Amino acid sequence: MFHLEVNQLHKSYGDTKVFEGIEFGIRKGELVTLLGPSGCGKSTLLRALAGLTPVDGGQVRVAGEDITWQAPQKRGIGMVFQSYALFPNMTVWDNVAFGLKMKPQPGRELAASVQEALSLVELDGFELRYPNELSGGQRQRVALARALVVRPRILLLDEPLSALDARIRRSLRQQIREIQQRLELTTIFVTHDQEEALTMSDRVFLMNKGEIVQSGTPEQIYTQPANEFVASFIGHYNLLSPEQANRWLGGSRNAKLALRPEAIALLPQEASPPEPHLPGVIRHQQLLGNIIRYQVACEAGLLTVDVLNRSARDLLPVGRAVTLAVARDQLREVA
Ligand code: ADP
1 MFHLEVNQLH KSYGDTKVFE GIEFGIRKGE LVTLLGPSGC GKSTLLRALA GLTPVDGGQV
61 RVAGEDITWQ APQKRGIGMV FQSYALFPNM TVWDNVAFGL KMKPQPGREL AASVQEALSL
121 VELDGFELRY PNELSGGQRQ RVALARALVV RPRILLLDEP LSALDARIRR SLRQQIREIQ
181 QRLELTTIFV THDQEEALTM SDRVFLMNKG EIVQSGTPEQ IYTQPANEFV ASFIGHYNLL
241 SPEQANRWLG GSRNAKLALR PEAIALLPQE ASPPEPHLPG VIRHQQLLGN IIRYQVACEA
301 GLLTVDVLNR SARDLLPVGR AVTLAVARDQ LREVA
């Protein structure tokens, strides 16, 4: 049985439909990311689950209990927002203790709960600081502690790392994942960042225009895009029209072909490998650190090819003639 179950959830603002017929189930202890472009409805869906935005129809169940119309503070759901939403005139301790305002407890228990939540996010010793005495990453950890202090049944995180710089973002996402796994906390994490989604999640729900267009493990989403939208949103896929694909590979397919940039091998011009191949010329070259990203003009169009940057020899100049090769099992037809 699912810990969180959503059936036929609808939400519109006036004539604008935000989402319709949303259905999913999340198991206890699972971390699911809602991934999708800006404006696709991720935040509204999350706020609807938290009870902050009323829905127009459908059902939300936690551990079998229908909470669709329950007040937010009764739901046992913790939420963390992109903007830390801390009280500037309250210390770290008081900000976290505020999470318990709706759940009065004797002073000793309250102190123990707050200390435990602060330890979880590794902020012991910061109790008496004010938010303006903390870095962005620390503020977000306070916000996380405030959500965790009530021991929520579900944790919802709405782009919690977007305002932070890349290094802090990476370390905090690892920390969130570790805490979530340690507490076996059923969690939904909203992001528009595919790397974040692929590295953190048990499963990814990919949203577009108010619909979940594909759900699966990061590996499934990355290697088996269900349609053109998923292929174009994830991993810089090359999309070949049926004509381009047929010209190169023969056959008479009607569907587009999706091809990952790292699934194409860049060989010397004179190479004649057993796999399907064709000649090309390097048009652009971009060094991304450990990866070199080439744009190669060939009969099938301008293809993106990623090569691991192992040595200076891997860096080929613009204008170099090459042979592109790809294994047939790397080709994926998409609707
Ligand atoms: P995301 O989180 O994926 O960026 P949102 O859930 O914030 O997307 O928004 C989805 C759509 O709903 C957008 O078109 C947005 O303009 C619209 N929307 C969100 N909140 C409101 C509101 N309070 N009133 C009217 N439209 C809204």
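Heads up: the sequence shown runs through residues 1 to 335, numbered per UniProt numbering.
Using N, Cα and C, we set each Cβ at its ideal position, and we do this for glycine too.
In this text, all values refer to a predicted model and were calculated from it rather than measured experimentally.
Does the distance from the C-beta atom of residue 348 to that of methionine 90 stay below 8 Å?
Since the first residue shown for the chain is 1 and the last is 335, residue 348 is missing from the structure and cannot be characterised.
What runs of the alpha helix (DSSP H), each 4 residues or longer, lie entirely inside the stretch 43-101?
DSSP runs (the alpha helix (DSSP H)) wholly in the stretch 43-101: 92-98.
Distance, arginine 151 Cα to glutamine 140 Cα:
Each residue's CA atom was taken as its position, placing glutamine 140 and arginine 151 some 17 Å apart.
Within 5 Å of the ligand ADP: residues by beta-carbon to any heavy atom:
Per the Cβ criterion, the list is Tyr13, Val18, Ser38, Gly39, Cys40, Gly41, Lys42, Ser43 and Thr44.
Aspartate 306 classed as buried or exposed, judged by whether at least 16 other C-beta atoms fall within 10 angstroms
Buried, by the Cβ-count rule.
By the 10 Å Cβ neighbour count, where 16 or more other Cβ atoms means buried, how is valine 149 classified, buried or exposed?
Label assigned to valine 149: buried.
If contacts are defined as beta-carbon pairs under 8 Å, then leucine 35 and histidine 236 qualify, I think. What distance do you get, rounded to the angstrom?
The distance from the Cβ of leucine 35 to that of histidine 236 is about 15 Å, inconsistent with a contact at the 8 Å cut-off.
Taking all protein chains shown into account, do 16 or more other C-beta atoms lie within 10 angstroms of the C-beta of alanine 62, making it buried, or fewer, making it exposed?
At residue 62 the sequence reads valine, which differs from the alanine that was named. Result: buried.
Contact set for glycine 51: own chain, Cβ-Cβ below 7 Å, skip 5 residues either direction
Correct list, in chain order: Gln70, Ala71, Pro72 and Arg75.
As assigned by DSSP and simplified to three states, the class of serine 12
In this structure, serine 12 counts as strand in the three-state DSSP scheme.
Endpoints, the alpha helix (DSSP H) within which valine 322 is located
Per DSSP, valine 322 belongs to no alpha helix (DSSP H); it is in the beta strand (DSSP E), 321-326.
Own chain partners of arginine 169 with C-beta closer than 7 Å, once the 5 adjacent residues on each side are dropped
Only Leu161 meet the Cβ criterion.
Enclosing alpha helix (DSSP H) for asparagine 246 [first to last residue]
Per DSSP, asparagine 246 belongs to the alpha helix (DSSP H) from 242-249.
I need the straight-line Cα distance from phenylalanine 189 to glycine 250, nearest angstrom please.
In a straight line, the C-alpha of phenylalanine 189 is about 43 Å away from that of glycine 250.
Selection from Leu100, Ala147, Asn132 and Ala48 that minimises the alpha carbon distance to methionine 79:
Ranking the options by Cα distance to methionine 79, first place goes to Ala147.
Please identify the residue among Gly289, Ser252 and Thr323 whose C-alpha is closest to the C-alpha of leucine 278.
Closest by alpha carbon: Thr323.
What span of residues does the beta strand (DSSP E) with proline 279 cover, start to end?
For proline 279, the uninterrupted beta strand (DSSP E) run begins and ends at 277-287, by DSSP.
If we count Cβ pairs, one from each stretch, closer than 8 Å, do we get three or more for the stretch 170-190 versus the stretch 212-229?
Counting Cβ pairs under 8 Å, fewer than three are found: no touch.
Go through its chain and collect everything with a Cβ distance to asparagine 227's Cβ below 7 Å, but skip five positions before and after it.
So the list reads Val213, Val334 and Ala335, once near-sequence residues are dropped.
With a Cβ-Cβ cutoff of 8 Å, do alanine 231 and alanine 258 count as a contact?
At a Cβ-Cβ threshold of 8 Å, alanine 231 and alanine 258 count as neighbours.
Look at the alpha carbon of aspartate 94 and the alpha carbon of arginine 108, and state the distance between them as a whole number of angstroms.
Going from the Cα of aspartate 94 to the Cα of arginine 108 covers about 15 Å.
Per-residue burial, lysine 256 [other beta carbons within 10 Å of its own, 16 or more giving buried]
Buried, because 16 or more other Cβ atoms sit within 10 Å of the Cβ of lysine 256.
Please list, in chain order, all residues of the same chain as alanine 321 whose beta carbon is under 6 Å from its beta carbon, the five residues on each side excluded.
The residues are Gln269 and Val281.
Residues sharing a beta bridge with methionine 207, DSSP:
Beta-bridge pairing links methionine 207 to Ile212.
What is the DSSP secondary structure of phenylalanine 126, counted as helix, strand or coil?
In the structure shown, phenylalanine 126 sits in coil (DSSP, three-state: anything other than H, G, I, E or B).
May I ask you to report which of helix, strand or coil DSSP gives isoleucine 234?
Isoleucine 234 falls in the coil class under three-state DSSP.
Quick test of your reading: threonine 53 and serine 201, contact by CB under 8 Å. State the CB separation rounded to the nearest angstrom.
So it is not a contact: roughly 23 Å between Cβ atoms.
Would you mind reading off the limits of the alpha helix (DSSP H) that contains alanine 335?
Alanine 335 -> no alpha helix (DSSP H), and no H or E assigned at all.
6 Å CB neighbourhood of leucine 128 in its chain, flanking five on each side removed
Around leucine 128, the same chain offers Thr91 as residues with beta carbons nearer than 6 Å, after the five sequence neighbours per side are excluded.
Ignoring anything shorter than 4 residues, give me the alpha helix (DSSP H) runs that lie fully in the stretch 104-171, in order along the chain.
For the stretch 104-171, the continuous alpha helix (DSSP H) assignments of 4+ residues that do not extend past its boundaries occur at 107-120 and 136-148, in sequence order.
CB-CB under 7 Å to arginine 47, same chain, minus the five flanking residues each way: which ones, in chain order?
Scanning its chain for C-beta atoms nearer than 7 Å, with the 5 sequence neighbours on each side dropped, one finds around arginine 47 the residues Thr53, in chain order.
Give me the Cα-Cα distance between threonine 199 and histidine 284, rounded to the nearest whole angstrom.
Threonine 199 and histidine 284 have their C-alpha atoms spaced approximately 29 Å apart.
Would you please state the rounded distance, in angstroms, between the beta carbons of glutamine 224 and alanine 300? I believe it to be under 8 Å.
21 Å between Cβ atoms; not a contact.
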